[in-house]
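In what follows, a structure is listed as structure tokens, so that the remarks can point back to it.
Protein chains: 2
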Amino acid sequence: MPAPPIADRLSRLRAAMAAQGTDLVALGPGPNMHWVAGFHPHADERPCLLLVTRDKAGFLMPALNAAGSREQTDLPFWTWTDAEGPDAALQQALADLGATTARRVDVDEAMRSDFALLLLDALPQAGHGFARDTLGELRLCKDAAEQDELRRNAAISDEAMSAIFAALRPGMTEEEVATVARDVFRNHGAEPLFTIVGAAANGAFPHHHTGDTVLRTGDVIVLDIGARKGAFSSDITRMACLGEPPPDYGRVHAVVEAAVEAALAACRPGVPASTLDRAARRVIEDAGFGPQFVHRLGHGMGLEGHEPPWISEASGTILRPGMVFSIEPGIYIEGRFGLRLEEIVILHEEGPEILSRLPRDLHVVPV
Amino acid sequence: MPAPPIADRLSRLRAAMAAQGTDLVALGPGPNMHWVAGFHPHADERPCLLLVTRDKAGFLMPALNAAGSREQTDLPFWTWTDAEGPDAALQQALADLGATTARRVDVDEAMRSDFALLLLDALPQAGHGFARDTLGELRLCKDAAEQDELRRNAAISDEAMSAIFAALRPGMTEEEVATVARDVFRNHGAEPLFTIVGAAANGAFPHHHTGDTVLRTGDVIVLDIGARKGAFSSDITRMACLGEPPPDYGRVHAVVEAAVEAALAACRPGVPASTLDRAARRVIEDAGFGPQFVHRLGHGMGLEGHEPPWISEASGTILRPGMVFSIEPGIYIEGRFGLRLEEIVILHEEGPEILSRLPRDLHVVPV
Chain U
10 MPAPPIADRL SRLRAAMAAQ GTDLVALGPG PNMHWVAGFH PHADERPCLL LVTRDKAGFL
70 MPALNAAGSR EQTDLPFWTW TDAEGPDAAL QQALADLGAT TARRVDVDEA MRSDFALLLL
130 DALPQAGHGF ARDTLGELRL CKDAAEQDEL RRNAAISDEA MSAIFAALRP GMTEEEVATV
190 ARDVFRNHGA EPLFTIVGAA ANGAFPHHHT GDTVLRTGDV IVLDIGARKG AFSSDITRMA
250 CLGEPPPDYG RVHAVVEAAV EAALAACRPG VPASTLDRAA RRVIEDAGFG PQFVHRLGHG
310 MGLEGHEPPW ISEASGTILR PGMVFSIEPG IYIEGRFGLR LEEIVILHEE GPEILSRLPR
370 DLHVVPV
Chain F
10 MPAPPIADRL SRLRAAMAAQ GTDLVALGPG PNMHWVAGFH PHADERPCLL LVTRDKAGFL
70 MPALNAAGSR EQTDLPFWTW TDAEGPDAAL QQALADLGAT TARRVDVDEA MRSDFALLLL
130 DALPQAGHGF ARDTLGELRL CKDAAEQDEL RRNAAISDEA MSAIFAALRP GMTEEEVATV
190 ARDVFRNHGA EPLFTIVGAA ANGAFPHHHT GDTVLRTGDV IVLDIGARKG AFSSDITRMA
250 CLGEPPPDYG RVHAVVEAAV EAALAACRPG VPASTLDRAA RRVIEDAGFG PQFVHRLGHG
310 MGLEGHEPPW ISEASGTILR PGMVFSIEPG IYIEGRFGLR LEEIVILHEE GPEILSRLPR
370 DLHVVPV
């Protein structure tokens, strides 16, 4: 992956800060720091912050990560050792950056709370917002290089899903099924992020913890897998069954498929994200399963597996070209099975591009 | 692993809260929540908090995780859906828990900053501390069952390190070496947490990012690996060399070994943690390598790979039986090599128990 254009990204961030009235943005080691600086140091309990003002920027840096990080960036460091602690280095950083009188500080919403409170306690006059209000807006739309990374990752998750389909048989445990996908990801140099395998009643928990449950003939199985390669994620959900599904399964699958199609049909630039959620939810409600669709329709994806834009009834986002997000309606029937179908799409002027090449049909394993 | 005794842990936490003057403790999905409740729901961007007052407790719970979590706990939930957002459920939770007038709130230092600020913004009259001040104290000493888990995990990391020793040869990349360890961990059902392989000059960065560097004859290699099995971690660092090390290597290794032994000799209940750091650091300083020992001597280990007690000059901790921590002095010679030796010990009345069975000698690979 080519290095992101740091100067350009700092300048876009500062324009967003000016528009929001933000004096200081503070980012922890993670996706936000990576987006701005093109890297982030090892993340642990040692406070590490990228501090960005309207005209300066630099890192509060644990001493033991300074030499390694110096190879990655030209920005100044204020280092601190384990013996010193971070307080004096932070004070010096804020003074040198001219940030001691900041009135509004946007903190990285995903960083450790003690990193954020270390900074906010040092600036008692400042109010706080979140990086999602400034940087988050910039991360919403992916450029051409980022879109290519996401397409490549989707091809790998398609291969992992196909490998599961080929391996599935009664007597395997959920965990053994997950291992099939993880092996494919790792063979491609991708780090598995989640491998949800929810057999029969387990599938009715959207975030089921894949375990020792043994697959049996007649089980329908939720398969929701994703991995990170380079800095970017993948995510896909499909359904499989060992032999014939329960008699009522087909109707429920058709409802969820219709919900996906309704959302895709509504998906174009200028439309509120909430409209997609509403379009899919109405299909499911009209079929009588409204209470069994217990989550939002989707989430953005990029440097993080879940990131804005949120595709929910509560979302205020208006869709724009370059946004990348999931469409993943589900119906969860307690004690019996869950059913979810998930696509990742890139929104273009002319509509959504679905990254997966796999059909959304139930994959029936002959037994 | 048997379920931890929840009622006992809540009662010990409340005693610590009373001693600290803490009215409310708020924990996110992670090790702190796991320690108290014996589980934690899926962690994502949806605010999820275990709220504990002096006489009540319950969860702010994203609706889609409620059914799965209900199988794990009898504590009450205040649930919220993606469409509603968490604000109203949090207000209701604080009212029902009698926490709206809390004066001091201890937030989970490791949870997302937006979880902590959601709560603190809802309690503008409250000051904040951190869970490390109350719960952290309780997690410092491991009970017999926890110690057994840590011994079992150490045996696995010994096996992974031995597998690396057996596999090492010139021409391998750092990443290929790391894969050897990860395969051993996974075969034991352990999830790799870190596999630092730092060849030659790369080893001079304590948190070197394992990469494509090819190992060559004469390289000394830092090997620092750990994994999680069940809820607990492992961590070990050893040194290897492909053929003969540089002529001055042996002296530096002897200094680090002497520093480990000085710390072990000082290690007994009632001694300040800072004394161990000082004992090891003095050995290294006296040998002329003080500036090259750029980090603290060690860190606690348990549900997290790094947790209190911190074994540093700045630590105020007095060592007690049941504490589990690393002793890992290092000397980092820029542009040439790094050298670190790490033991995990359980402190008993009679002194430290070293978990690894592997010698700390340089492992020389014949080439």
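As they're listed, the protein sequences go chains U and F. In this text, residue positions in the first sequence follow our numbering: the first is 10, and each later residue adds one. In this text, residue positions in the second sequence follow our numbering: the first is 10, and each later residue adds one. Where a beta carbon is used, it is the ideal one built from N, C-alpha and C, also for glycine.
Between the alpha carbons of residue 305 of chain U and residue 225 of chain F lies a gap of roughly 53 Å. A straight line joining the alpha-carbon of residue 188 of chain F with that of residue 87 of chain U spans about 35 Å. With a cut-off of 8 Å on Cβ pairs, the stretch 338-350 of chain F is in contact with the stretch 246-263 of chain F, counting three or more such pairs.
Chain-ordered listing is empty here: chain F has no CB closer than 9 Å to the CB of residue 47 of chain U, the nearest sitting near 14 Å.
The straight-line gap separating the alpha-carbon atoms of residue 68 of chain F and residue 170 of chain U is approximately 35 Å. A residue is called buried once 16 or more other Cβ atoms fall within 10 Å of its Cβ, and residue 196 of chain F, having fewer, is exposed.
Note on residue 283 of chain F: 16 or more other CB atoms within 10 angstroms of its CB, so buried under the neighbour-count rule. Per DSSP, the continuous alpha helix (DSSP H) segment holding residue 285 of chain F begins and ends at 282-295. Remark: C-beta atoms of residue 63 of chain U and residue 121 of chain U do not approach each other more closely than 8 Å. The three-state secondary structure of residue 324 of chain U, taken from DSSP, is coil. DSSP, read as helix, strand or coil, puts residue 358 of chain U in coil.
Comparing alpha carbon positions, the residue from U/61, U/99, U/373 closest to residue 32 of chain U is U/61. With fewer than 16 other CB atoms across the displayed protein chains lying within 10 angstroms of its CB, residue 263 of chain F is exposed. If you ignore the 5 residues before and after residue 174 of chain U, its C-beta comes within less than 7 Å of the C-beta of 249, 372, all in its own chain and listed in chain order. Fully enclosed beta strand (DSSP E) runs of no fewer than 3 residues occupy 200-208, 229-238, 245-251 of the stretch 190-258 of chain U, in order along the chain. Shown in chain order are the members of the stretch 84-95 of chain U whose Cβ falls below 8 Å from a Cβ of chain F: 90, 91, 92, 93, 94. Interface flag for residue 72 of chain F against chain U is set, since a Cβ pair is found closer than 8 Å. Note on geometry: alpha-carbon atoms of residue 295 of chain U and residue 141 of chain U lie some 35 Å from one another. Taken atom to atom, the span from the alpha-carbon of residue 161 of chain U to that of residue 271 of chain U is near 26 Å. Contact of residue 248 of chain U with chain F is not assigned, every C-beta pair being separated by 8 Å or more. In the structure shown, residue 332 of chain U falls within a strand segment according to DSSP collapsed to helix, strand and coil.
When DSSP assignments are scanned along the stretch 103-176 of chain F, the uninterrupted stretches of beta strand (DSSP E) that are 3 or more residues long and fall wholly within it turn out to be 113-116, 136-139. Residue 155 of chain U and residue 311 of chain U have their C-alpha atoms some 8 Å from each other. Under the DSSP assignment, residue 309 of chain F falls in the beta strand (DSSP E) whose first and last residues are 307-309.
Taking 8 Å as the cut-off, the Cβ atoms of residue 166 of chain F and residue 235 of chain F count as close.
A direct Cα-to-Cα measurement between residue 132 of chain U and residue 103 of chain U gives close to 9 Å.
Contacts with chain U at 8 Å (Cβ-Cβ) include residue 124 of chain F. Around the CB of residue 97 of chain U, fewer than 16 other CB atoms lie within 10 Å, so the residue is classed as exposed.
Shown here is that no member of the stretch 100-113 of chain F has a Cβ falling below 8 Å from a Cβ of chain U. Taking the CA atoms as reference points, residue 356 of chain U sits about 8 Å from residue 328 of chain U. A straight line joining the alpha-carbon of residue 316 of chain U with that of residue 266 of chain F spans about 46 Å. Residue-level contact check: residue 303 of chain U touches chain F, since one or more beta carbons of chain F fall below 8 Å from its beta carbon. By the CB criterion at 8 Å, residue 212 of chain U and residue 252 of chain U fall outside the cutoff. Scanning chain F for C-beta atoms nearer than 7 Å to the C-beta of residue 117 of chain U yields 122, reported in chain order. The beta carbon of residue 53 of chain U sits closer than 8 Å to some beta carbon of chain F. Per DSSP, the beta-bridge partners of residue 89 of chain U are U/71.
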